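Asker:
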Amino acid sequence: MKNTKFSLQTMTQSLKHYDSIHDQYSGTFIDRPIALILILMLLPCFLINIALALCTRRSIFSMQHKTDALSRTVTLHHFSFGIWVKTAVLFDIYSGKLSFCGIPLTHRLSPDIQFCVMNQIKCKAGLFSLYDLHLKTGLTIMSKEQLLEQQLNGNSVDYFVLIIKSFMSIVLYGRAITKLKKAKNLSLFGLRVKNTSMAEAVDWITQTPTDKTNIGFFVNVHSINLSISDPTFFNQLSNANALFADGSGMRLAAKKAGFLLNGNNNGTDMLPHLCKSCVKSNQSLYFFGAKPGIAEQASKALCKQYPGLNVAGTAHGYNKDNNAEQIIDSINNSGCDILLVAMGSPVQEQWLLEHRDKLHCKTALAVGGLFDFYSGDISRSPLWLREIGMEWVWRLLQEPRNKFNRYVVGNPIFLYRTFILGLVNTGEK
Ligand code: UDP
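Take the sequence shown: its letters are residues 2 to 430, numbered as in the numbering used here.
#1: Does the beta-carbon of Tyr-287, which I'm using as the reference point, lie nearer than 6 Å to any heavy atom of ligand 3?
#2: Closest to Gly-217 by CA distance: which of Met-42, Gly-294, Ser-239 and Gln-147 is it?
#3: Mind the definition here: the stretch 279-295 touches the stretch 339-359 only if three or more C-beta pairs lie below 8 Å; say whether that holds.
#4: Go through the stretch 168-208 residue by residue and report every complete run of the beta strand (DSSP E) that reaches 3 residues or more, in order.
#5: Do you know offhand how far Tyr-26's Cα is from Asp-159's?
#6: Whole angstroms are fine: how far does the CA of Ala-202 sit from the CA of Thr-68?
#7: Going by the C-beta, is Gly-1 closer than 6 Å to any heavy atom of ligand 1?
#8: Rounded to whole angstroms, what's the CA-CA distance from Glu-400 to Leu-136? Just pull it up for me.
#9: Please determine whether the Cβ atom of Gly-370 lies at a distance below 6 Å from any heavy atom of ligand 1.
#10: Check whether the Cβ atoms of Phe-362 and Thr-214 lie closer than 7 Å to each other.
#11: Given a threshold of 16 other Cβ atoms within 10 Å of its Cβ, counted over all protein chains shown, does Asp-231 qualify as buried or as exposed?
#12: Below 7 Å between beta carbons: does that hold for Val-194 and Ala-241?
#13: For Cys-117, is the classification buried or exposed, using 16 other Cβ atoms within 10 angstroms of its Cβ as the cut-off for buried?
#14: Is it buried or exposed, His-66, if we count other Cβ atoms within 10 angstroms and call 16 or more buried?
#15: Could you tell me the distance, in whole angstroms, from the CA atom of Ala-184 to the CA atom of Leu-55?
#16: Inspect the beta-carbon positions of Leu-148 and Tyr-132 and report whether they are closer than 7 Å.
#17: Leaving aside the five residues before and after Thr-138 along the sequence, list all residues of the same chain whose C-beta is less than 8 Å from its C-beta, in chain order.
#18: I need the straight-line Cα distance from Glu-1 to Ser-228, nearest angstrom please.
#19: My guess is that Leu-272 and Ala-313 are in contact by the Cβ rule of under 8 Å, so how many angstroms apart are they, rounded?
#20: Below 8 Å on the Cβ atoms is my contact criterion, and I expect Phe-129 with Ser-157 to pass it. Report the Cβ-Cβ distance as a whole number of Å.
#21: Could you check whether the Cβ of Gly-375 sits closer than 6 Å to any heavy atom belonging to ligand 1?
#22: The beta strand (DSSP E) spanning Lys-436 covers which residue range?
#23: When DSSP labels each residue in this structure, what does Thr-138 get in the three-state scheme?
#24: Bridge partners for Ser-63 per DSSP, in chain order?
#25: For Ser-100, which of Leu-366, Tyr-319 and Pro-34 has the nearest alpha-carbon?
#26: State whether the stretch 302-313 contacts the stretch 256-263, with contact taken as three or more CB pairs (one from each stretch) at a distance under 8 Å.
#27: May I have the straight-line CA-CA distance separating Ile-332 from Leu-360, to the nearest angstrom?
#28: My understanding is that Asn-226 touches Ile-421, with C-beta atoms under 8 Å, so please give their C-beta distance in whole angstroms.
#29: Using only the alpha-carbon positions, how far apart do Ser-198 and Asp-93 sit?
#30: If Ala-296 and Leu-189 are in contact, beta carbons under 8 Å, what's the gap, nearest whole angstrom?
#31: Which residues in the same chain as Gly-423 place their Cβ atom closer than 7 Å to its Cβ, once the five residues preceding and following it in sequence are excluded?
#32: My output table needs one value for Leu-106: the three-state DSSP class, helix, strand or coil.
#33: Phe-372 and Ala-299: beta carbons closer than 7 Å?
#34: Once DSSP output is grouped into helix, strand and coil, what is the label at Tyr-287?
#35: Tell me Asn-226's beta-bridge partners as DSSP assigns them.
#36: Among Thr-29, Val-220 and Ile-114, whose alpha-carbon lies nearest the alpha-carbon of Gln-349?
Structural data, given as structure tokens:
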């Protein structure tokens, strides 16, 4: 169907010598059959909406005017009355005015990128896009432009899979993220959590001025469950200089409180950004934790990937004789700026708080199984699972025994505490 790769980068570089390609975006041929199936399935609901509109003498549809990322105006149908009023957009898809997946309706691209896309590929506005999906699950591993490029270069199967993932994300996270409030800091489960984008979190780690070591923790479903059942751990988390919200559970909890989390600030996605920032600002790292050899392996892999990166030292996390003093000397003698401690919760958080006054580094973070991923010892979940916020399923499959309590028991308990007991409390802080 498509014979030329869509590339924003090449096109923006050669704007003046531009030949229009007018290639068709793959996959849209399945829009009409899918829309028809959904219309038939939703027919009883549509008939109720139409009957209600007729009884109350209102028009059946209301028109919604939107602007897509290419600044084109798109008019969408909604029912003016009844249930699931937005499902009337299925008629727009069936009539070919709109695609299931296409140019996002949620943001505007810069004028030169708009020019490239419009001339390079024929693509309608879409109800879903890869960008919207990543926004919803808080993935910040690619820019808007990279996501659009990847989406438009996908084949028909990718198109269909994107529809499925988008429907799943609606089921899991709801549709309306635009209605959620924004705040710099949130109070979630009694803890003050920073609501930072990935870039802001990295800036905090590398740029916060300090006389004493700044401590940062990533809070996720597991650490919240631990903090609720163990007040000592709750106090320890409260004593950190920064808490970052990690994972889709925290996203759901913030949403329950009416707030949008800016990013999924997990250590694993953050490390590449942190490495780049360290290379730029000439700051060094120290890796402490994981099984013998793993931190060293992770360090080698990262130094290869980010030339100029300085990992000043490594130490494993299985010190049976508890030689903390020796490790602290090694960390301090290395002269590192940023210390990453990977021993799992709550051990890593307790270790850092117990020894923070003896550390000389600028910032120290507790990072869980981070080195296992970057050493290649444990594989990271496939992107499609992360895109729907289900990375934990992968981790459970990899280590069913170790992770059973954390995920199979812990996740329902967290949901019960969040949605039934309403422990998320909250608001801005
Ligand atoms: N670990 C350690 N010392 C210990 C126990 C665990 O260094 O005494 C390491 C373990 O090898 C793993 C990390 O701590 O690399 C914990 O990973 P986990 O999967 O618990 O972290 P998560 O990312 O899920 O918080």
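Positions of the beta carbon are idealized from the N, C-alpha and C atoms, including for glycine. Source: prediction; values computed, not measured.
Answerer: According to the structure shown:
#1: In the structure shown, ligand 3 is absent; the only ligands present are ligand 1.
#2: Position 216 of the sequence shown, counted from the start, is the residue given in the question as residue 217. The shortest C-alpha separation from Gly-217 is found at Ser-239.
#3: yes
#4: 186-189 and 192-195
#5: By one-based count along the sequence shown, residue 26 stands at place 25. By one-based count along the sequence shown, residue 159 stands at place 158. Distance between the alpha carbons of Tyr-26 and Asp-159: 11 Å.
#6: Here residue 68 is taken as the residue at index 67 of the sequence shown, counted from 1. Here residue 202 is taken as the residue at index 201 of the sequence shown, counted from 1. Using only the alpha carbons, I get a separation of about 31 Å.
#7: The first residue shown for the chain is 2 and the last is 430, placing residue 1 beyond what the model contains.
#8: Taking the first residue of the sequence shown as position 1, residue 400 is located at position 399. Taking the first residue of the sequence shown as position 1, residue 136 is located at position 135. Answer to the nearest angstrom: the Cα atoms are 29 Å apart.
#9: The residue you call residue 370 lines up with position 369 of the sequence shown. Yes, since a heavy atom of ligand 1 falls inside the 6 Å radius drawn around the Cβ of Gly-370.
#10: On the sequence shown, residue 362 is found 361 positions in, with the first residue counted as 1. On the sequence shown, residue 214 is found 213 positions in, with the first residue counted as 1. The sequence as given places Cys at residue 362; Phe does not occur at that position. Taking 7 Å as the Cβ cut-off, Cys-362 and Thr-214 qualify as a contacting pair.
#11: Position 230 of the sequence shown, counted from the start, is the residue given in the question as residue 231. Asp-231 should be labelled exposed.
#12: Within the sequence shown, residue 194 is the residue found at index 193, counting from 1. Within the sequence shown, residue 241 is the residue found at index 240, counting from 1. Contact flag unset, no.
#13: Translated into positions along the sequence shown, residue 117 becomes position 116. By the neighbour-count rule (16 or more Cβ atoms within 10 Å), Cys-117 is buried.
#14: Here residue 66 is taken as the residue at index 65 of the sequence shown, counted from 1. That one is exposed.
#15: Here residue 184 corresponds to residue number 183 of the sequence shown, with the count starting at 1. Here residue 55 corresponds to residue number 54 of the sequence shown, with the count starting at 1. Taking the straight line from one Cα to the other gives about 43 Å.
#16: To locate residue 148, count along the sequence shown from 1; it is residue 147. To locate residue 132, count along the sequence shown from 1; it is residue 131. The answer is yes: Cβ separation under 7 Å.
#17: Walking along the sequence shown from the start, residue 138 turns up at place 137. Ser-170, Tyr-174, Ser-249, Arg-252, Asn-265, Arg-387, Glu-388, Ile-389 and Gly-390, listed in sequence order.
#18: The structure shown does not extend to residue 1, since the chain spans only 2 to 430, so no value can be given for it.
#19: As a working note, residue 272 is residue 271 in the sequence shown. As a working note, residue 313 is residue 312 in the sequence shown. 16 Å between Cβ atoms; not a contact.
#20: Stepping through the sequence shown from its first residue, residue 129 is reached at position 128. Stepping through the sequence shown from its first residue, residue 157 is reached at position 156. The pair is not a contact, with the Cβ atoms about 15 Å apart (cut-off 8 Å).
#21: By one-based count along the sequence shown, residue 375 stands at place 374. Looking at the sequence itself, residue 375 is Tyr, so the reference to Gly does not match. Outside the cutoff, so no.
#22: Examination of residue 436 is not possible in this model, given that the chain is present from 2 through 430 alone.
#23: As a working note, residue 138 is residue 137 in the sequence shown. Helix, per DSSP.
#24: Reading the sequence shown from its first residue, position 62 is the one you call residue 63. Its beta-bridge partners are His-79.
#25: Indexing the sequence shown from 1 puts residue 100 at position 99. Checked all of Leu-366, Tyr-319 and Pro-34; the closest Cα to Ser-100 is Pro-34.
#26: no
#27: Indexing the sequence shown from 1 puts residue 332 at position 331. Indexing the sequence shown from 1 puts residue 360 at position 359. Straight-line Cα distance between these residues: approximately 8 Å.
#28: Here residue 226 refers to the residue found at position 225 when the sequence shown is read from its first residue. Here residue 421 refers to the residue found at position 420 when the sequence shown is read from its first residue. Rounded, the Cβ-Cβ distance is 15 Å, inconsistent with contact.
#29: On the sequence shown, position 197 is the one that residue 198 refers to. On the sequence shown, position 92 is the one that residue 93 refers to. Their Cα atoms are separated by approximately 35 Å.
#30: As a first step, residue 296 is located in the sequence shown; it is residue number 295 there, counting from the start. As a first step, residue 189 is located in the sequence shown; it is residue number 188 there, counting from the start. In fact, because the Cβ distance is near 31 Å, the residues do not count as touching under 8 Å.
#31: Taking the first residue of the sequence shown as 1, we reach residue 423 at position 422. Taken in chain order, the list of residues that qualify is empty.
#32: In the sequence shown, counting from the first residue as 1, residue 106 sits at position 105. Three-state DSSP puts Leu-106 in coil, outside helix and strand.
#33: Position 371 of the sequence shown, counted from the start, is the residue given in the question as residue 372. Position 298 of the sequence shown, counted from the start, is the residue given in the question as residue 299. Cβ atoms of Phe-372 and Ala-299: closer than 7 Å.
#34: Looking up residue 287 in the sequence shown gives position 286. It is a strand residue.
#35: Reading the sequence shown from its first residue, position 225 is the one you call residue 226. DSSP, once it has assigned bridges, lists no residue as partnering Asn-226.
#36: For the purposes of this step, residue 349 is taken as the residue at position 348 of the sequence shown. Of the listed residues, the one whose Cα sits closest to Gln-349 is Val-220.
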